[in-house]
Structure formats: structure tokens, C-alpha cells
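Reviewing the structure listed below.
Protein chains: 2
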Amino acid sequence: MARNTQVTADHNAPGITQILAKYVATHPSKGWSDAVDHEAHRTFMNWLGCAVGAAHHEAADAALAAVNMLQPAPQASVLGRTEKVDMVSAALINGITSHTFDFDDTHLKTIIHPAGPVASAVLAMAEHLGSHVDETLRVSGREVIDALVIGIDVSCRVGNAMYPDHYDRGWHITGSTGTLGAAAACARLLKLDVQQTAMALGIAASQPIGMREQFGTMTKPFHPGGAARAGLMSALLASKGFTASPKALEAPRGMMQTVSTKNDWHEITHELGERFEISFNSYKPFACGIVIHPSIDACAQLRLQGVTPEQIDRIELKVHSLVLELTGKKEPQDGLQAKFSVYHGCAAGLTFGYAAEDEFSSAVVTRPDMVALRRKVLATVDDSIDEASADVTAVLLDGRRVHVFVEHAIGSLKNPMSDTQLEAKFQGMSDAILGAGRTSDLINACWGIGNAANVKALVALAVPERK
Amino acid sequence: MARNTQVTADHNAPGITQILAKYVATHPSKGWSDAVDHEAHRTFMNWLGCAVGAAHHEAADAALAAVNMLQPAPQASVLGRTEKVDMVSAALINGITSHTFDFDDTHLKTIIHPAGPVASAVLAMAEHLGSHVDETLRVSGREVIDALVIGIDVSCRVGNAMYPDHYDRGWHITGSTGTLGAAAACARLLKLDVQQTAMALGIAASQPIGMREQFGTMTKPFHPGGAARAGLMSALLASKGFTASPKALEAPRGMMQTVSTKNDWHEITHELGERFEISFNSYKPFACGIVIHPSIDACAQLRLQGVTPEQIDRIELKVHSLVLELTGKKEPQDGLQAKFSVYHGCAAGLTFGYAAEDEFSSAVVTRPDMVALRRKVLATVDDSIDEASADVTAVLLDGRRVHVFVEHAIGSLKNPMSDTQLEAKFQGMSDAILGAGRTSDLINACWGIGNAANVKALVALAVPERK
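As they're listed, the protein sequences go chains B and U. Take the first sequence: its letter number 159 is residue 158 in numbering that gives the first Met the number 0, and every next letter is one higher. Take the second sequence: its letter number 203 is residue 202 in numbering that gives the first Met the number 0, and every next letter is one higher.
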């Protein structure tokens, strides 16, 4: 009992739990620039499109079937479907679907996917409380965006402090920090005071979720869903007087020191309330690992220059060694394998001009023209090229050479997707689920959510029309 | 991305997830001795008494109020109360109450409190499924005991493998291993096959719950409750086809290597299905930290020998230094402080002959006779005395000296509480909640649960009579 292996324990950590609680509870509404607020709307829309798009994935079916064993009250909508479930279960399922395609947002500094845990909790709670009999509990669209910015700030700042040790150790940092972000956002929605908010963060601190071993299974998207559920419930518990340690995040045997050997507290306190991590959020144009993106982008640019698959003798691809190490699968047999094939990425980029979930489907991956085109990609390693870049030369049957160099792929922070491109991505996921007209209205509702009286109209558009 | 700080990662771990899944799914019903089966009944009864006893604690009120925000379906009972909630919420609340008094069972090798996560999940699921329209889902009392033995075996074996590093690092091992135990037990109740059971364990592996920093707050008992909920839900998800890594426990970035640097796989596989960790479960006779128990026991023995508080000049107490280090509070001001006062423990032992939750209430702690008697306790350190022992001499006003040495306190593995003593402990917690008659019937129902067609009659007795 006198053992203590925490020889490196930091007993002098600043009061992170209290500092964050004060920030969450008292930062002014829209206490940031218009640019930050617009990024929050982009984050929200991208998250919503991903959730709608995967609404009928088998992971969603399985999660909903399990939740239905609880006979849930119809409090909040399963996005992209007609079912309603209680708000924690809606947070769970929408968190799962938003990450199922691995197509959601990325905070590049920590590779956290921040919207999944936070937005899934926020929208489910806002939908239910929006029409609550207790008027003081009702939630406006403005409060939703405020909660999203602040919740994502909490999870990404905690992530900044612990990354990379925490991730290297085996934690899927999206879920492990996401519980805190979701708790912060829901505490804000519930208008908890500083002490109650500290309790919400404290309860959440005991529930980090997610191991990297789960990558490639449904439990990977379960992580943001589970984090959303745990965070929402933590805020509800705190609102009813449930207690936790007021130093639950930073104490030697609190969450952060238990799950990470690196904890740079400064990352949490520096410019808190002045710099917002949601500013650094990015959105994937392509439904695959980020290292393939420059190559897809380059081949899509070849297509824009008039190069067609029929003209190709070979495609000479030069990339950093890491790209082939992670995504060097030459002959992918199905959609999942293709997500780890830069060869398929190039073929899709040249053929379609993009590579969303459909272009990574097994049906497309096994098409004879795709197989043939993949085999014409000759990849070589050149470590003088950054891992975020790609150098592509199409050598045509007539002998011509067309060269494209992509320094910063579309979707990176240096070359972000435009609002129009985000809308097109949304349509690509939502049109088939909700129909083009409804999708268009939903996109407009997303852009206007910060000014909406509540989320009712938006949520009504995010589910299929009842016949 | 090429970083890897897991220099000590074990890439050659045996297939723990599959091995445990096969055990959980295929071990024969009552595939153990009568003694093991009887211990399971004792574990179940002790857990149930603790849960009933704390039914109206403010932690229970707060948790129930939060759960009620979800408008839960009345599937399963909150023990000791009239409310019903959905089965995962019942698992949560009953898990909280069973650990609120810190009076539940202890697996001494790991200091896991094993019943909280497992029994709370099992009984809630059994109550709801017991009357399910789908007959194949119905659960007998025998299956409840089977699930309890097997679930506790899973969590304690995982605990054996990781202890003490995992605990020293900051994890509350009851919650972090309890999720796995609860998932195993519920998978068994749902009659999942080996592969589905592996998925249930895998989903649960992403959800270890509990930091030691929370000790002294409501979030400590939240840990077994949260573990019960997470484990039950993991089994439901697996039953509907949700997937996880088949190596989620043992892989380099699976749960165990992520949350512990010590992993002795042999502890999991050795004598699996032959030796059952529930055999080594112990039950606290006194509602406080285990190091005070020998001193209370010794003073209770003085009382049995006819010594009364009025006769006392002084009590000479000799104990290991650790006892005073952890529980050396001389003048406790309230019930919580008294739990860390060996002085109060001695006074209670001599005055009442035991020290349950009531004897640690603020009302008793502040009584003038208790204050006076505590001040007559003179404690000295003697490290030749084991920390599990106590040497007490009552020096009476007439000059007589009465000596008691307790080598193994009542409640330890060497000197377990008898069935009659466990019943008395149960009555002490339950009589005030359910009434003496109902409590007596409930005790009989606990002893008979292994032969009951379902849990219906037992659960009906575990809630107050409806007027």
C-alpha cells in the first residue's frame, strides 16, 4: 500500500479543471471573431453530412437495434433516419455514424476528430430541451454554436497537452478527450454554473474512451459516439448535484496524468478564450487516410486538364516513403483495402475527379477499368517531397507528359475546402438519403443555425420525409 | 506518424480475448464446486444489501434525477426504491448504491470490489429479460449465479494480470476491469456464442472507467455503476452484430497494454475454468477502510468479555505504522472523517460491538460519550505487528488489564464472516428501508436464487411494498 510508482507525478499542476470550468461557464456568447463563428458552422455542417450519409450503415443498424432493447423515449432524432430515441442514445448513434466513413473533421495538430463527440451530444440535447416544458432549459441555435466552439476548445486543448504520448500509448484520442468536450458543451447548454461545470468535467474525466487497436472495426466510430453519450450524461448528473473531484483532470491520479506521461498544462491555459482550436479544424475532401489526399488531388487536377484514363500509358507518382508505408496496397480487393491504396486513390482521382465514400465502394474498386488503371501507377519514394505533397506525371500513349505538383492538398489548412466544396461534399452524402431538395434546404439551415430560435426546423430537415 | 514510444510493447501476447470469450460462452452451468457456488450466493447477498442500504443516499437521488431526464422505460428496479428505469440505467444506479457505503465485497489480491459492476448489470438485465416476450431471452436464477461467477472471474483475472502497476498509475481498478466483467456476464446471460462474446469483451475493452483521484466523491461509486452500464450495453451491441477487434484486450494498442505496463498473461490463463476468483472474495463487517478492521474487532471482543466504556481508564492500541498513516485522525468531526479514524473505530467497537454505516454517522461521531472514549485510546506504532493485525489492552479504572490480540480480523479470508453474520449485516442495512419482515424474506430469496425459475420474486422483495 505504500508503493508509489508515479515517480514522475506532477503535484504542482495548475487548477486545470477549475480554469476550464470557469471558461466554459462564463465565456461570452459569440465571444470570438466572425471567422471563428463561420468555421463553427462549417464544422457543424460537415459533421451533420457525415452522420446523415452513414445513417443506414450496418454499424448504425446494429447500434440502433441495441438501443431499442432499452425501449427509449423518442426525445431526439437519429440523423438521416425516421427513428427517435432518448437523447443520450441519439448522441451515441449520431456520434457513431458521423465517424463511420472516417470522413469527418480533423484537428491536425492532435489528429482528433473533434465534432463527433461534441456536436452529437449538443444537437441531441438541444433537440430534446428545445421544446422542454421548463423554459429555462430551452436551447437556441446560438447556444448550440457557442457550445460547439467551447466544447471543441476543451477537448482539443486537453489533446494538445497530452499529444503525442497519449496517442502513442494506444489511446484513440478522439474518444478519450471527446468525453470532456461533450461534457463541457452540454454543461454550457444546461447553463451550469462554474462549480457544477467543474463537476461535469470531473465526472467525464473518469470515462476516457477508445483504444487504437479498434481501428478497422465498428468500435472505432463507437468511440466518438460513446464519448458523446458519456459527456452528455456527465453534464446531466452534475446538474442534479452529483459530485466529482474538483481536480479530476490534473491531479497526480486524475485523468490526464493517468492516461499520459506528457502533460503540457500551458497548452490548456495559453490564450484561453482568445485563440479557439476550432479555427484549426480541417475537412477531408476524400474518404480515406490523409496521406493519400495529395495524390488524389493531383490526379483530379490532371483530369481537369483534359487527361482521360484512355490516354494513359503510365502515371509516375513520387511521394514520401511514409505514403507507401501506410497506403502501399497495390491490388486492393475491396472498399476497405482500397482506403489503404494510394494506387486506387490515383485511379479514382483521374476517373472521377474526387474520391468520396462511393468511389471507395467494393463495386467501384473491383471494376475492370479501375483495376487496369491502378496497375498503370508507378510509385517511387522521394523523401525530399513532404508527406503532405505529391508529384505526379501522366505519361500519355502519344508520348506527351503532363506534370502536376501538389504542395498542399485540397482540405489541408493551407488549402481549405471552400464553402461550395463543403456543400458539394454534403450533397454527395445526403442526396441519396434525404433527396436533393431536402438536402439543399438542410444546407441552408446549417448556415443559419447560429441565428435560429431553436434546432427544430434543422432537425426536421435532417431526417427523411415521413410519407 | 512513425513514432513508437511503446518500446516495451508485447507483440506476442496469447489470444486473451478469444480465450476468455470461449470460457465465458462455453463453461458449463455450475461448473464448479458447491463451495464456490455458495460463495457466489454470499457475494450476491452482500452486494444486494449494500445497494438496498444506500438507496436513499443523495448520490442515488442525483443519479436517478439525471436518469429521469431520459424518460426511461420501466424495465428494471432501482433496488430499495419504488422507481423502475431502463435496464442500463438500473445497472448504473444499483452499481452506484452498492459501492456508496464502501461496504461491499473485496477481492483482496487486487482490491477490486467485484460484485458492483457485475451483479448490477446481471440483475438489471435478468429482471427485464425474465419476462421477455422472446422466450429464448428469458433468464433463470441459475443463469444469474453462473453469470456472476464467470463475470467476476473475468474482471478479477484481468485485474490479477495488471495489478499493481495499473492501480498505482491512477486507475480505480474496480471500474476499469469491471466493464469487462459486466460485459462477460451479460454476454453469458444473452447466450452469445464465442465470437459474439469476444465482440462484447472487445467493445467493453474501449471503456475502462475510473480514476483514484475521485475517491471521496460520488464519482467513486459511479465507477462500478458506469462499468455495469457500459458492460451491459457492450453485450447488447455485440448481440446485434456490432464489431470490435478480436484482440482488443491483449494487442499492443489494446486495452491492457494501454492502461498498464505490467501484464502477466499467465494470471488470466492459469487454471481457467478450474480455479474461480470469486472463491477469494471477502466481505467487510465494518463500514470503513480495511486497516481499521482489526482494531474494531479487538474492541468488540473486549465488549464480549464484559468490558464496558464506563470502566475504561485507557485503551492501549498497538498497530503497524500504516494504520496510523492512513487512519490516524484523532478528533473526527463528522461521519466521513470518522472513516479515517482508528480512534473512532475502537470507540465504536467497544460501545456497539460493531461499526456499520450508522456507527459512522455524524450523529454518532459527535456524541459526547464517543468523543470522550476516543480520547482514551492511546495508539502506538509497532511495525512488528502485521498491518492486518491489532494488539489492544483495556486498562480499567480498577487497575485491571484486559488484553486482546487479533491476528486476522473478522471479514478477512482467514477469518471470514459467517453466513449468520452476513445476514446480520444485511439486516442492518435493509431493515430500515424494506422493513424487518421483507428483509428476512429477501435474505431467504438470496440463498435460493440459484434454484429460482427467474429473479422476479427476489426483485419484488428488494423494493419497498407499494402502499
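We treat Cβ as the ideally placed atom computed from N, Cα and C, and that holds for glycine. No experiment lies behind these values; they were computed from the predicted model shown.
- Secondary structure at F359(U): helix, using DSSP grouped into helix, strand and coil.
- Annotation: the continuous beta strand (DSSP E) that includes H402(B) extends over 400–405.
- Residue pairing by DSSP places V84(U) opposite A75(U) in a beta bridge.
- By the criterion of at least three beta-carbon pairs nearer than 8 Å, the segment 223–243 of chain U is in contact with the segment 56–70 of chain B.
- Residues of the segment 316–339 of chain B with a C-beta less than 7 Å from any C-beta of chain U: L321, listed in chain order.
- Between R141(B) and K29(B), the C-beta spacing is below 8 Å.
- Between the segment 89–97 of chain B and the segment 117–131 of chain B, the count of Cβ pairs shorter than 8 Å is three or higher; the stretches touch.
- Non-local C-beta neighbours of S244(B) in its own chain, meaning closer than 6 Å and more than five positions away in sequence, comprise G201, ordered along the chain.
- Beta-bridge pairing by DSSP links E315(U) to L377(U), T392(U).
- From the listed residues Y22(U), R252(U), R400(U), G79(U), the smallest Cα separation to R313(U) is found for R400(U).
- In the displayed model, R274(B) falls within a strand according to three-state DSSP.
- Apart from the 5 residues on each side of it in sequence, A146(U) sits with its Cβ closer than 7 Å to the Cβ of V121, A184, R187, L188 in its chain, given in chain order.
- K83(U) and T326(B) have their C-alpha atoms roughly 52 Å apart.
- In terms of beta-carbon proximity, K413(B) stays away from the interface with chain U, with every pair separated by 8 Å or more.
- Distance from the CA atom of T438(B) to the CA atom of S429(B), rounded to whole angstroms, is 6 Å.
- When secondary structure is reduced to three states using DSSP, D9(U) falls in the coil class, being assigned neither helix nor strand.
- Partner residues in the beta bridge of I111(B), as assigned by DSSP, are H106(B).
- Its chain contains F425, M428, S429 as the residues whose beta carbon lies nearer than 6 Å to that of G48(U), once the 5 sequence neighbours on both sides are disregarded; these appear in chain order.
- When the five nearest sequence neighbours on each side are left out, the beta carbons in the same chain lying within less than 6 Å of the beta carbon of A355(U) are those of A286, G427, in order along the chain.
- If you keep only unbroken alpha helix (DSSP H) runs of at least 4 residues inside the segment 151–228 of chain U, you get 164–167, 172–188, 193–204.
- Boundaries around N67(B) are those of the alpha helix (DSSP H), 57–67, since no beta strand (DSSP E) includes it.
- Y282(B) is bridged by DSSP to D104(B).
- Listed along chain B are L69, Q70, P71, A72, each with a C-beta nearer than 8 Å to that of A72(U).
- In terms of Cβ geometry, F221(U) and I110(U) do not form a close pair [threshold 8 Å].
- DSSP places S417(B) in the coil class of the three-state scheme, outside both helix and strand.
- By the 16-neighbour rule on beta-carbons within 10 angstroms, D390(B) is buried.
- For D36(B), the enclosing alpha helix (DSSP H) begins and ends at 33–52.
- Taken atom to atom, the span from the alpha-carbon of V370(U) to that of L321(U) is near 23 Å.
- In the DSSP assignment, G348(B) falls within the unbroken alpha helix (DSSP H) covering 341–351.
- The three-state secondary structure of G449(B), taken from DSSP, is helix.
- Under the three-state reduction of DSSP, G334(B) is assigned to helix.
- With respect to the C-alpha of D381(U), the residue from T307(U), E315(U), L78(U), F214(U) having the closest C-alpha is E315(U).
- Contact of G253(B) with chain U by beta-carbon distance below 8 Å involves G169, M210, E212.
- DSSP, read as helix, strand or coil, puts G327(B) in strand.
- Excluding sequence positions up to five before and after P73(U), its CB lies within less than 6 Å of the CB of K83, all in the same chain and listed in chain order.
- Counting only the Cα atoms, G449(U) lies some 8 Å from H40(U).
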